[in-house]
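When we follow the working numbering, the leftmost residue of the sequence shown carries the number 1, and every step to the right adds one.
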Amino acid sequence: MNKPKVVILGAGYGGLTTTVKLQKKLGVNDAHITLVNKHDYHYESTWLHETAAGTLHHDRGRYAIKDVINSGKVDFVQDTVTAIKPDENKVILENGELDYDYLVVALGFEAATFGIPGLIENAFTIGSVNQSRLIRQHIEYNFAKYNNESEKNESRLNIVVGGGGFTGIEFLGELADRVPQLCKEYDIDRNLVRIINVEAMPSILPGFDPQLVEYAMNSLESRGVEFKLGAMLKECKPDGIVIEKDGEQEEIATNTTVWAAGVRANHLVEESSLEHNRGKVEVKPDLRAPSHENVFVVGDCALIWNKETDRPYPPTAQIAMQEADVCAHNLATLVKGGGDLESFEFNNQGTVASLGHGDAIGVIFGNKKLFGWSASVMKKVIDNRALLKVGGIGLVLKKGKFNIF
Ligand code: FAD
């Protein structure tokens, strides 16, 4: 009998967790499982801001996919997906194609730039190891260059972060730690460096408790971060940005604009024939695409409505990994010939945003607020928990974060 073919696209939080859970649930003869990913490693997307600021080496936040999959049960294909053809049960890769009986789409996020002029060409985004490494090197190059030019160029030392949401604030926290180190390293007066956050809303961290937001702003301002709130980014140029606040325009000289103000699902979803809502598949409770019964969608490519807030759940690693549990269970059930499929229900384990080394804010156990050191320890617990879930205690010991002081 032919084994059903299961193809999983993307080895991020959603895809890799689905794979490792599925390989435990199925025997070698139950299914032919193939995992496709651009790189031969998994990276912790939630740590990329640290790589980008240069506070964590990129190798700390990534590990080989072959180290966590069972190669007796899962074929790993390192390739780039170029198209999903659900009507033909087929996926097109840069170097070939795969057909499937069941598909899991877990291709993650990409930056949403909302058509702002110059942003795609001139801003950096924090979306992969390679993008984050480029930001780190770009900042270091500009600091190194500053003292090697006869005419001092302030745009080299001004760093603009677009967006005061979760990613933007976590990146600012790392930058606030890193800039004094860079100044020392490159003989630059710290007072010459500006770290500027541009946020269109009147406050940072929408959805966070106001007391926590105030704490975060005070922490970052005390370390030299300037906030431009209620300010729209109108244009991004190679050597500066234009913002508009209260009808007034202002130009800020900078060679470094990092755009962290919005993500969308991988464009391949919108380009496929999967029914979608603004680029994401609004999945059924069992995480299948309404238009294609044999396609599961998890992580940032999936849209699930939170009935309590009447808004979609935000794209997070926490949700992606919880969806993966349900997806693996449901896939195993279907592959083995049927039975009851589980419905996804979000179990909120809390949210913690880092503000740099030893500082963070968060809410756990529903409404317990955390600040400072205790929140930062909790953040490391969360980071280590993600490693534990995919690769067990061995991976935690190899890659985990333990520097709590
Ligand atoms: P990803 O984890 O992004 O995985 C997608 C995978 O698909 C990647 O391996 C990618 O290489 C691969 N891929 C993409 N395109 C292709 C292609 N064409 N072909 C082959 N492979 C491809 N969430 C939290 O819950 N808590 C946090 O504290 C938090 N902090 C964050 C901090 C930062 C800086 C960022 C950027 C995000 C943060 N998030 C956080 C959000 C979280 O990272 C995402 O929601 C999560 O990564 C989504 O998981 P995913 O599996 O959908 O996608």
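Positions of the beta carbon are idealized from the N, C-alpha and C atoms, including for glycine.
- Unbroken alpha helix (DSSP H) runs of no fewer than 4 residues, entirely contained in the region 303-336, are found at 317-335, following chain order.
- Residues Leu119, Ile120, Trp259 of the same chain have their beta carbon placed closer than 7 Å to that of Thr113, with the five preceding and five following residues left out of the count.
- For the ligand FAD, no non-hydrogen atom lies closer than 7 Å to the CB of Asp40.
- Annotated three-state conformation of Ile126 is coil, per DSSP.
- Secondary structure at Leu370: strand, using DSSP grouped into helix, strand and coil.
- The region 153-241 contains, as complete beta strand (DSSP E) runs of 3+ residues, the segments 158-162, 194-199, 225-229, 232-237 (chain order).
- For Thr351, the enclosing beta strand (DSSP E) stretches over residues 351-354.
- Distance between Leu56 and Gln137, taken at the CA atoms: about 13 Å.
- Just measuring C-alpha positions, the residue of Gly163, Val161, Ser219, Glu345 sitting nearest Lys307 is Glu345.
- Excluding sequence positions up to five before and after Lys21, its CB lies within less than 7 Å of the CB of Ala324, Asp325, Ala328, all in the same chain and listed in chain order.
- For Glu271, the enclosing alpha helix (DSSP H) begins and ends at 267-271.
- The shortest C-alpha to C-alpha distance from Thr309 to any of Gly27, Ile69, Gln349, Gly207 is the one to Gly207.
- For His49, the enclosing alpha helix (DSSP H) has its first and last residue at 48-53.
- Remark: the shortest separation between the CB of Val326 and any heavy atom of the ligand FAD does not fall under 7 Å.
- Residue pairing for Tyr102: DSSP places it in a beta bridge opposite Val6.
- Just measuring C-alpha positions, the residue of Leu233, Lys5, Gly240 sitting nearest Glu248 is Leu233.
- Annotation: the continuous alpha helix (DSSP H) that includes Gly14 extends over 13-25.
- Ranked by how close their Cα comes to the Cα of Glu282, the residues Gln322, Ile252, Tyr313, Leu182 have Tyr313 in first place.
- Beyond the five residues adjoining it in sequence on each side, Ser376 comes within less than 7 Å, by CB distance, of Ser354, Gly358, Asp359, Ala360 in the same chain, given in chain order.
- Annotation: Gly108 is outside any beta strand (DSSP E) and is labelled neither H nor E by DSSP.
- In the three-state scheme derived from DSSP, where H, G and I count as helix and E and B as strand, His42 is classed as strand.
- Taking Leu274 as the centre and dropping the five residues before and after it, the same chain places the C-beta of Ile84, Pro86, Val105, Val281, Ala289, Ser291, His292, Val295, Val297 closer than 8 Å to its C-beta, in chain order.
- With a threshold of 7 Å, the Cβ atom of His329 does not count as near the ligand FAD, since no heavy atom of the ligand is closer than that.
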